[in-house]
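So the protein lines, in turn, are chains A and B. Start counting the first sequence at 1; every next residue gets the next number (this note's numbering). Start counting the second sequence at 220; every next residue gets the next number (this note's numbering). Just so you know, even glycine gets a beta-carbon here, dropped at the ideal spot from N, CA and C.
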Amino acid sequence: MNGGQDLGGMMGFGPIDPETGEPVFHAEWERRVFALTLAAGAPGGWNIDMSRFARENRPPQDYLSKSYYELWLAGLETLLAERGLVSAQEIEEGRPIGPSEPPARILAAADVEAAMRRGGPTDREPSRPASYKPGDRVMTINSHPRGHTRLPRYVRGKPGIVDVVHGCHVFPDSNAAGLGEDPQWLYGVLFDAAELWGPDAESGQTLRVDLWEPYLVAI
Amino acid sequence: MAQDHHDHDHDHSELSDVALRVRALETVLTGKGYVEPAALDALIDLYETKVGPRNGARVVARAWSDPAFRDRLLEDATAAIAELDYVGRQGEHMVCVANTPDIHNMIVCTLCSCYPWPVLGLPPVWYKSAPYRSRVVIDPRGVLAEFGVTLPETTKIRVWDSTAEIRYLVLPMRPEGTEGWSEEALAELVTRDSMIGTGLPLSSSEAER
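As structure tokens, this is what we get:
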């Protein structure tokens, strides 16, 4: 979606303002939101693309006014509500209301380290050969889906060069919508900054963006 | 996204609305048996005290010390980094990109906050916030200036946007005057920002101060 998350090339946000000696978390509630989000993924059964979409699928002014962990909280509430696991009323009252289904699975403390070490690899066995190889010239599609996509606006309808073939990976546009993993070939595509930003671009600057085959056409 | 690191929620203050809401959600989730409280504590402990940028610094220091490791790191970073036992979530598919006098690499995730957790830990606020995510792709030299970094005009900049599940680690150039240094001493020169590309490693004289 053309939402507040798609920030590349926007202007006016002010200085970056890095914090010296920054702590990992700035408040106890940030620790809890972080951990709740990771742990609730077990009973929730959602995937990473669904959780990204739950955070970004809101009015841009809402997205841009929330801090990072406020977005995680909002996304988590959405994911839980969509699955009927936690209602808004339960959060308002701070207690479970009525009977609830026992969870299909939960993350046990003893399994935390192993689960994090396992992670969630997204590479899959290809069912067909890759259409492009390094050095091929490609054009990104001009597409504005209402759902989740990982093709940023600033590289839509732009020419680039395939730099590397990463392999076949889960396709976020499908996976976020609950339509299955639909694995697609993933490429590192190189862009000349002048193609993206025009004559004022930084001289010699290049950008490399990871893009799935459905985002590309041959030129 | 708002940058909120000036709005600290100190333990002695009244709980904010968001803190109260998180507490309510945690009560509901634990009450229903959906999350185990000890698992929450284990997750926080893991990413607050064990997984962090010192991991990445050890990877870089080894690459500076061991040419064969450097070759493996640039060829298959996931496997090379696993040699140091840094594996897992948000580092399942690693790529390492080397800075040279000709090219300086900078990493961003314009669409969210993708970051290589096993080697760098959780990302700092600025990495996740709108000013950096919007600007580094269109004005990388201006961003570097804000971090106090000035590169030679002849050094080209390449910005890597982490749009997929590939995670990137910058291999900065080894500082001059560090011949014969141990891996442990070299790791002390490696800053977190030098592995994102918004900074450079400390010089040998900075390390001695």
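Excluding the 5 residues flanking residue i on each side, which residues of the same chain have their C-beta closer than 7 Å to its C-beta?
| i | result |
| --- | --- |
| glycine 418/B | Phe366, Val368, Thr410 and Asp412 |
| alanine 276/B | Ala406 and Val409 |
| proline 103/A | Pro43 |
| serine 422/B | Pro394 |
Between residue i and the rest of its own chain, which residues show a CB-CB distance below 8 Å, the 5 nearest in sequence each way excluded?
| i | result |
| --- | --- |
| aspartate 136/A | Ile161, Val162 and Ala218 |
| threonine 373/B | Pro320 and Asp321 |
| leucine 339/B | Gly271, Pro272, Asn274, Gly275, Leu388, Arg411, Met414 and Ile415 |
| threonine 249/B | Glu255 and Pro256 |
Cβ of residue i less than 9 Å from any chain A Cβ?
| i | result |
| --- | --- |
| leucine 341/B | yes |
| tyrosine 334/B | no |
| aspartate 380/B | yes |
| leucine 259/B | yes |
| tryptophan 283/B | no |
| leucine 293/B | no |
| proline 359/B | yes |
| arginine 277/B | no |
| glycine 271/B | yes |
| glutamate 245/B | yes |
Got a sec, what are the start and stop residues for the beta strand (DSSP E) residue i sits in?
| i | result |
| --- | --- |
| phenylalanine 191/A | 184 to 192 |
| isoleucine 16/A | Unbroken run through isoleucine 16/A: none, as it is neither H nor E. |
| leucine 207/A | 206 to 212 |
| alanine 218/A | 216 to 218 |
| glycine 327/B | Sequence inspection shows valine at residue 327/B; the glycine mentioned does not correspond to that position. It spans 322 to 327 - the beta strand (DSSP E) in which valine 327/B sits, taken as one unbroken run. |
| valine 33/A | Counting along the chain, valine 33/A falls outside any beta strand (DSSP E), though it belongs to the alpha helix (DSSP H) covering 28 to 44. |
Along the chain, where does the alpha helix (DSSP H) containing residue i start, and where does it finish?
| i | result |
| --- | --- |
| alanine 364/B | 359 to 365 |
| methionine 139/A | Methionine 139/A -> not in any alpha helix (DSSP H); beta strand (DSSP E) instead, spanning 137 to 140. |
| lysine 375/B | Lysine 375/B -> not in any alpha helix (DSSP H); beta strand (DSSP E) instead, spanning 375 to 380. |
| methionine 313/B | That residue, methionine 313/B, is in no alpha helix (DSSP H); its beta strand (DSSP E) goes 312 to 317. |
| isoleucine 48/A | 48 to 56 |
| glycine 275/B | 272 to 284 |
| isoleucine 263/B | 256 to 264 |
Pick helix, strand or coil for residue i, following the three-state DSSP scheme.
| i | result |
| --- | --- |
| aspartate 304/B | coil |
| methionine 392/B | coil |
| leucine 76/A | helix |
| tyrosine 334/B | coil |
| tyrosine 387/B | strand |
| valine 241/B | helix |
| proline 293/A | The question about residue 293/A has no answer here: the residues shown for chain A are numbered 1 through 219. |
| aspartate 230/B | In this prediction, aspartate 230/B scores a pLDDT of 48, lower than 50, which makes its location untrustworthy; no coordinate-derived value is stated. |
| arginine 105/A | coil |
| arginine 153/A | helix |
| proline 126/A | coil |
| valine 86/A | coil |
| isoleucine 415/B | helix |
| glycine 167/A | strand |
| glycine 250/B | helix |
| isoleucine 161/A | strand |
| lysine 133/A | coil |
| glycine 198/A | helix |
So that I know if they touch, is there some Cβ in chain B lying closer than 9 Å to that of residue i?
| i | result |
| --- | --- |
| serine 100/A | yes |
| aspartate 182/A | no |
| isoleucine 91/A | yes |
| valine 217/A | no |
| proline 43/A | yes |
| tyrosine 68/A | yes |
Below 6 Å CB to CB, which residues in the same chain sit around residue i once its five sequence neighbours on both sides are set aside?
| i | result |
| --- | --- |
| alanine 298/B | none |
| arginine 105/A | Ala42 |
| arginine 150/A | Pro172 |
Give me the chain A residues within the contact set of residue i, using Cβ-Cβ distance strictly less than 8 Å, ordered along the chain.
| i | result |
| --- | --- |
| proline 350/B | Phe13, Gly14, Pro15, Ile16 and Asp17 |
| valine 241/B | Trp29, Arg32, Val33, Leu36 and Leu73 |
Residues of chain A with CB under 7 Å from residue i, in chain order?
| i | result |
| --- | --- |
| glutamate 384/B | Thr122 and His169 |
| leucine 330/B | Gln5, Asp6, Arg150 and Pro152 |
Name the chain B residues that come within less than 9 Å of residue i, Cβ to Cβ?
| i | result |
| --- | --- |
| isoleucine 106/A | Gly252, Tyr253, Val254, Glu255 and Ala258 |
| valine 86/A | Leu244, Val247, Leu248, Lys251 and Tyr253 |
| glycine 9/A | Thr329, Ser353, Arg354, Val356 and Ile357 |
Which chain B residues sit within Cβ distance under 7 Å of residue i?
| i | result |
| --- | --- |
| glycine 204/A | Lys375 |
| arginine 118/A | Gly307 |
| alanine 109/A | Glu255, Ala257, Ala258 and Ala261 |
For residue i, which residues in chain A fall below 9 Å Cβ to Cβ?
| i | result |
| --- | --- |
| glycine 310/B | Gly119 |
Could you name the residues of chain B that residue i contacts, counting a contact when the two beta carbons are closer than 8 Å?
| i | result |
| --- | --- |
| phenylalanine 53/A | Within chain B, no residue comes near phenylalanine 53/A; the closest Cβ sits about 10 Å away, beyond 8 Å. |
| arginine 208/A | Arg377, Val378, Trp379 and Asp380 |
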